[in-house]
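Peer 1: Chains as they are written, first to last, in our numbering: chain R, 9 to 183; chain V, 6 to 442.
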Amino acid sequence: MIVETVSGRRDLLARSRTVAMVGASPNPTRPSYFVFSYLRTKGLLDVAPINPATAAIDGVKSYPSLAAYAAECGPPDIVDVFRKAADAPDVTRQAIAVGARAIWFQYGVINDEAIRLADDAGLDVVVDRCLKVESARFDGGLALAGLSSGLISSKRASPPRAAERPRSVEPPPQP
Amino acid sequence: MQDHVFGFRTRALHAGTPPDPTTGARAMPIYLTSSFVFDSTEHAAELFALRTYGNIYSRIGNPTVAAFEERMASLEGGLGSVAAASGLASQLSAILCIAQAGDHVVATASLYGGTVTQFTVTLKRMGIACTLVAGDDLDALEEAIRPNTKLIYTETIGNPLGNVADLEPMAALAHAHGLPLVVDNTFASPALCRPIEWGADVVVQSATKFVGGHGTVIAGVLVESGTFPWGSGKHPLLSEPSPGYHDMNFAETFGEYAFLMRARTEVLRDVGAALSPMNAFLLLQGLETLPLRMKAHVENARAVAGFLRERDEVAWINYAELADSPYRTLAQKYLPDGAGSIFTFGLRGGREAGRAFIEALELWSHLANVGDAKSLVIHPASTTHQQLSDAELATSGVSPDMVRLSVGLEDPADLIWDLENALRAAAKVADRVGAGA
Numbered sequence: 009m010i011v012e013t014v015s016g017r018r019d020l021l022a023r024s025r026t027v028a029m030v031g032a033s034p035n036p037t038r039p040s041y042f043v044f045s046y047l048r049t050k051g052l053l054d055v056a057p058i059n060p061a062t063a064a065i066d067g068v069k070s071y072p073s074l075a076a077y078a079a080e081c082g083p084p085d086i087v088d089v090f091r092k093a094a095d096a097p098d099v100t101r102q103a104i105a106v107g108a109r110a111i112w113f114q115y116g117v118i119n120d121e122a123i124r125l126a127d128d129a130g131l132d133v134v135v136d137r138c139l140k141v142e143s144a145r146f147d148g149g150l151a152l153a154g155l156s157s158g159l160i161s162s163k164r165a166s167p168p169r170a171a172e173r174p175r176s177v178e179p180p181p182q183p
Numbered sequence: 006m007q008d009h010v011f012g013f014r015t016r017a018l019h020a021g022t023p024p025d026p027t028t029g030a031r032a033m034p035i036y037l038t039s040s041f042v043f044d045s046t047e048h049a050a051e052l053f054a055l056r057t058y059g060n061i062y063s064r065i066g067n068p069t070v071a072a073f074e075e076r077m078a079s080l081e082g083g084l085g086s087v088a089a090a091s092g093l094a095s096q097l098s099a100i101l102c103i104a105q106a107g108d109h110v111v112a113t114a115s116l117y118g119g120t121v122t123q124f125t126v127t128l129k130r131m132g133i134a135c136t137l138v139a140g141d142d143l144d145a146l147e148e149a150i151r152p153n154t155k156l157i158y159t160e161t162i163g164n165p166l167g168n169v170a171d172l173e174p175m176a177a178l179a180h181a182h183g184l185p186l187v188v189d190n191t192f193a194s195p196a197l198c199r200p201i202e203w204g205a206d207v208v209v210q211s212a213t214k215f216v217g218g219h220g221t222v223i224a225g226v227l228v229e230s231g232t233f234p235w236g237s238g239k240h241p242l243l244s245e246p247s248p249g250y251h252d253m254n255f256a257e258t259f260g261e262y263a264f265l266m267r268a269r270t271e272v273l274r275d276v277g278a279a280l281s282p283m284n285a286f287l288l289l290q291g292l293e294t295l296p297l298r299m300k301a302h303v304e305n306a307r308a309v310a311g312f313l314r315e316r317d318e319v320a321w322i323n324y325a326e327l328a329d330s331p332y333r334t335l336a337q338k339y340l341p342d343g344a345g346s347i348f349t350f351g352l353r354g355g356r357e358a359g360r361a362f363i364e365a366l367e368l369w370s371h372l373a374n375v376g377d378a379k380s381l382v383i384h385p386a387s388t389t390h391q392q393l394s395d396a397e398l399a400t401s402g403v404s405p406d407m408v409r410l411s412v413g414l415e416d417p418a419d420l421i422w423d424l425e426n427a428l429r430a431a432a433k434v435a436d437r438v439g440a441g442a
């Protein structure tokens with residue numbers, strides 16, 4: 009299904025744990041590195057680079073292909089695509105083959121054939137969006153940077169996941 | 006499936022301020038702190054390299070200020086926003102984000118006097134030239150564009166002339182030359198006009214005025230659309246490697262966020278004109294009632310203008326709400342809910358009558374501000390525009406007999422009562438001057 013709404017993207021991120029990032033670069037000035045580094049340090053998603061030209065980025069093992077990733081880690085929840093649009097159908101076929109649940113095409117990676125392939129195979133599809141920006145929309149990062157999150161709510165945000173909770177030197181009070 | 010789209014009044018109350026996740030506070034807390042602790046050394050490194058979002062130091066970003074910024078971005082229909090200590094700081098930030106020494110700016114001439122001075126004196130000293138183009142002729146604006154021009158600048162409603170900018174063709178003209186249109190929206194506020202909807206790329210405003218609404222804080226804000234192609238090569242400050250950030254290329258790394266990221270992390274960081282969190286809180290309070298206040302401002306301004314146009318003491322009125330205004334058609338297009346509540350009129354008897362008029366007023370406050378809930382009055386030739394030369398004064402459309410009103414939220418009958426008394430006082434002086442006394 010093509011995910012076109014804010015709530016759809018929020019739900020997709022909430023139910024996802026693993027991201028295989030095709031085209032992640034170890035070059036710290038590249039946009040893909042910014043996204044990789046953000047997701048890794050934020051810790052809400054387990055992100056792995058798929059890049060045959062590098063062994064690891066910031067200590068995270070890089071895999072030469074989606075197949076190699078899936079053989080070791082199982083099917084990824086999201087395949088994040090940082091490749092030129094013409095390469096998108098090939099990446100999509102590989103994502104379908106390894107059983108990915110969703111495919112995420114970054115800014116400018118717009119290819120109708122790839123979108124149709126993924127949609128027909130039952131994957132959730134996000135097109136022309138940035139995984140970092142959308143994560144930051146829901147984790148409050150965008151808002152802290154004065155950027156419009158587009159979110160309106162009078163509900164208190166759910167507490168951060170366990171790994172994100174502040175450490176305390178004292179045990180919590182007993183009820 | 007579609008996302009629900011919230012209306013303007015709802016966003017004026019809610020955008021940027023969900024309940025505080027830590028405490029559940031429903032009002033936006035005032036994070037009055039200079040700095041923020043890092044989670045770890047790695048977290049600090051990620052923040053400084055702009056790879057993660059978060060707070061470092063309140064000169065660059067602060068949660069209360071960010072809530073105001075997000076609400077402004079939502080109301081103006083932009084991608085994001087950067088607040089500053091004043092309106093002048095905001096427009097300087099917008100310009101310094103894309104122009105440097107050797108560059109050039111084209112602006113319409115009917116601008117706030119402080120803006121004219123900033124452009125023709127301070128920017129000039131910094132090596133950025135500015136051409137002010139008088140009148141409403143788009144061809145003249147186009148002729149002023151040079152190879153080194155980086156932007157076109159105008160005001161939605163010109164101060165103090167009350168002219169309405171023809172934003173849609175002006176944006177098209179700018180875009181045809183690869184330039185962004187930067188619009189000062191202070192006199193309209195986003196409640197009455199949203200320039201981005203007409204093609205503008207950057208909106209700046211003095212939040213001191215209608216946004217804050219109560220004459221309490223000095224503040225400014227810029228909002229950017231996120232749709233301008235900053236990576237075209239026309240704006241190398243955004244598309245060439247930045248030595249301040251390990252030769253990062255803002256346009257390539259941040260895409261649609263390039264302008265906003267540079268405006269914050271290089272311009273605001275280095276210029277230092279940051280907005281106080283306390284002031285941001287007051288601005289958030291002001292924005293909650295912006296749509297309601299603007300409706301009431303416009304109603305009162307119409308009543309006051311209707312009264313003045315029947316008076317013999319009044320030589321002319323420049324208010325785009327009036328049927329005989331040359332800007333009526335443009336106002337109907339760009340300001341369908343009203344052309345604001347700031348307008349000018351001329352008193353018979355010139356400078357002396359103007360002085361007598363202002364001194365006879367009891368309820369209207371004589372001061373150099375606009376957009377307060379309280380009604381304000383000023384004589385521009387002797388105050389806001391006094392630093393301009395005679396030629397500049399004529400170019401920006403200020404005449405010696407001009408009085409500027411900023412119509413507030415009082416009972417209109419009280420405003421009119423006060424004006425009537427002052428007009429009588431002015432008429433006595435005008436008669437004396439006319440009789441050669």
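Yeah, the Cβ is synthetic: ideal placement off N, Cα and C, and Gly gets one too.
#1: Give a yes or no on whether the minimum CB-CB distance between residue 17(R) and chain V is below 8 Å.
#2: Return the first residue and the last residue of the alpha helix (DSSP H) that residue 140(R) is part of.
#3: Would you say residue 50(R) lies against chain V (beta-carbon separation less than 8 Å)?
#4: Do residue 30(R) and residue 88(R) have their C-beta atoms closer together than 8 Å?
#5: Since residue 81(R) is in the alpha helix (DSSP H), which residue starts that stretch and which ends it?
#6: For the beta strand (DSSP E) containing residue 175(V), name the first residue and the last one.
#7: Is there a Cβ of chain R sitting closer than 8 Å to that of residue 442(V), yes or no?
#8: Keeping to the same chain, check which residues put their C-beta closer than 6 Å to that of residue 344(V); ignore five residues upstream and five downstream.
#9: Ends of the beta strand (DSSP E) at residue 409(V)?
#10: What first and last residue would you give for the alpha helix (DSSP H) that runs through residue 210(V)?
#11: Note down, in chain order, all residues in the stretch 261-273 of chain V with a beta-carbon under 9 Å from any beta-carbon belonging to chain R.
#12: Under 7 Å from any heavy atom of the ligand ATP, does the C-beta of residue 69(R) make it?
#13: Would the stretch 204-215 of chain V count as touching the stretch 62-70 of chain V if we require 3 or more Cβ pairs under 8 Å?
#14: Could you tell me the boundaries of the beta strand (DSSP E) in which residue 47(R) lies?
#15: With a floor of 4 residues, list each alpha helix (DSSP H) that falls wholly inside the stretch 70-149 of chain V, ordered by position along the chain.
#16: In chain order, which alpha helix (DSSP H) runs of at least 4 residues are fully inside the stretch 372-400 of chain V?
#17: Going by other Cβ atoms of all chains shown within 10 Å of its Cβ, with 16 needed for buried, is residue 330(V) buried or exposed?
#18: Would you verify that the beta carbon of residue 145(R) is, or is not, closer than 8 Å to some beta carbon of chain V?
#19: If you drop the 5 nearest sequence neighbours on each side, which residues of the same chain put their C-beta closer than 7 Å to that of residue 321(V)?
#20: Short of 8 Å in beta carbon distance, which residues of its chain neighbour residue 245(V), apart from the five on each side in sequence? Order them along the chain.
#21: Could you compute how far the alpha carbon of residue 79(R) sits from the alpha carbon of residue 52(V)?
#22: Is there a Cβ from chain V that is less than 8 Å from the Cβ of residue 10(R)?
#23: Just confirm the distance between the C-beta atoms of residue 218(V) and residue 294(V), as a whole number of angstroms; I'd bet it's less than 8 Å.
#24: Taking Cβ to Cβ, would you say residue 380(V) is nearer than 8 Å to residue 372(V)?
#25: Whole-angstrom Cβ separation of residue 86(V) and residue 227(V), contact assumed at under 8 Å?
#26: Which value, in whole angstroms, describes the spacing of the CA atoms of residue 258(V) and residue 250(V)?
#27: Could you say if the stretch 30-46 of chain R and the stretch 135-148 of chain R meet the contact criterion of at least three C-beta pairs nearer than 8 Å?
#28: Pull up the distance between the alpha-carbon of residue 144(V) and that of residue 209(V), whole angstroms please.
#29: What's the C-alpha gap between residue 17(R) and residue 102(V)?
#30: Find the residues of chain R that neighbour residue 60(V), judging by a C-beta separation of less than 7 Å, and give them in chain order.
#31: Per DSSP, what are the beta-bridge partners of residue 3(V) in this structure?
#32: Since residue 149(R) meets chain V, which of its residues come closer than 9 Å, beta carbon to beta carbon?
#33: Determine the direct distance from the alpha carbon of residue 178(V) to that of residue 235(V), and round the result to whole angstroms.
#34: Run through chain V and tell me which residues come within less than 8 Å of residue 159(R), C-beta to C-beta.
#35: What residue range is occupied by the uninterrupted beta strand (DSSP E) comprising residue 349(V)?
#36: Exposed or buried, which one is residue 45(V) when buried takes at least 16 other CB atoms within 10 Å?
Peer 2: Let me spell this out:
#1: With 8 Å as the cut-off, residue 17(R) does not count as an interface residue toward chain V.
#2: Following the DSSP letters along the chain, one finds residue 140(R) inside the alpha helix (DSSP H) bounded by residues 139-147.
#3: True, the Cβ-Cβ gap to chain V drops below 8 Å.
#4: One thing to note: residue 30(R) has its Cβ within 8 Å of the Cβ of residue 88(R).
#5: Residues 74-81.
#6: Taken as a continuous stretch (DSSP letters only), residue 175(V) belongs to no beta strand (DSSP E), being part of the alpha helix (DSSP H) at 172-181.
#7: Any reading at residue 442(V) must be qualified, since the residue scores a pLDDT of 43, below 50, and its modelled position is unreliable; the value itself is stated next. For residue 442(V), the answer is no, since every Cβ of chain R falls outside 8 Å of its Cβ.
#8: So the qualifying residues of the chain are 325, 326, 336.
#9: For residue 409(V), the enclosing beta strand (DSSP E) covers residues 407-411.
#10: Where residue 210(V) is concerned, there is no enclosing alpha helix (DSSP H), although the beta strand (DSSP E) it sits in stretches over 207-211.
#11: The residues in question are 261, 262, 265, 266, 269.
#12: Looking for the ligand ATP in the displayed structure turns up nothing, as the structure carries no ligands at all.
#13: With the rule of 3 Cβ pairs closer than 8 Å, the stretch 204-215 of chain V does not count as touching the stretch 62-70 of chain V.
#14: In the DSSP annotation of this structure, residue 47(R) is not part of any beta strand (DSSP E); the continuous alpha helix (DSSP H) holding it starts and ends at 39-50.
#15: Runs found: 92-101, 118-122, 143-148.
#16: Qualifying alpha helix (DSSP H) stretches, in chain order: 395-400.
#17: Result: buried.
#18: Interface annotation, residue 145(R): not in contact with chain V, CB-CB separation never under 8 Å.
#19: Correct list, in chain order: 350, 351.
#20: Shown here for residue 245(V): same chain residues with a beta carbon closer than 8 Å to its own, the five before and five after excluded, namely 254 in chain order.
#21: When rounded, the distance between both Cα atoms is 34 Å.
#22: Chain V contact via Cβ: absent.
#23: Right, the Cβ-Cβ distance comes to about 7 Å (below 8 Å), so this counts as a contact.
#24: In this structure, residue 372(V) does not lie closer than 8 Å to residue 380(V) by Cβ.
#25: The Cβ separation is near 7 Å, so the contact holds.
#26: Rounded to whole angstroms, residue 258(V) to residue 250(V) spans 11 Å at the Cα level.
#27: A contact exists between the stretch 30-46 of chain R and the stretch 135-148 of chain R.
#28: Note on geometry: alpha-carbon atoms of residue 144(V) and residue 209(V) lie some 24 Å from one another.
#29: Residue 17(R) and residue 102(V) have their alpha carbons spaced roughly 32 Å apart.
#30: At a beta-carbon threshold of 7 Å, the residues of chain R lying near residue 60(V) are 152, ordered along the chain.
#31: With chain V represented from 6 up to 442, any question about residue 3(V) goes unanswered, as that position is not in the structure.
#32: What residue 149(R) touches in chain V: 57, 58, 59.
#33: The straight-line gap separating the alpha-carbon atoms of residue 235(V) and residue 178(V) is approximately 17 Å.
#34: Those within 8 Å of residue 159(R) in chain V are 23.
#35: Per DSSP, residue 349(V) belongs to the beta strand (DSSP E) from 347-352.
#36: With fewer than 16 other CB atoms across the displayed protein chains lying within 10 angstroms of its CB, residue 45(V) is exposed.
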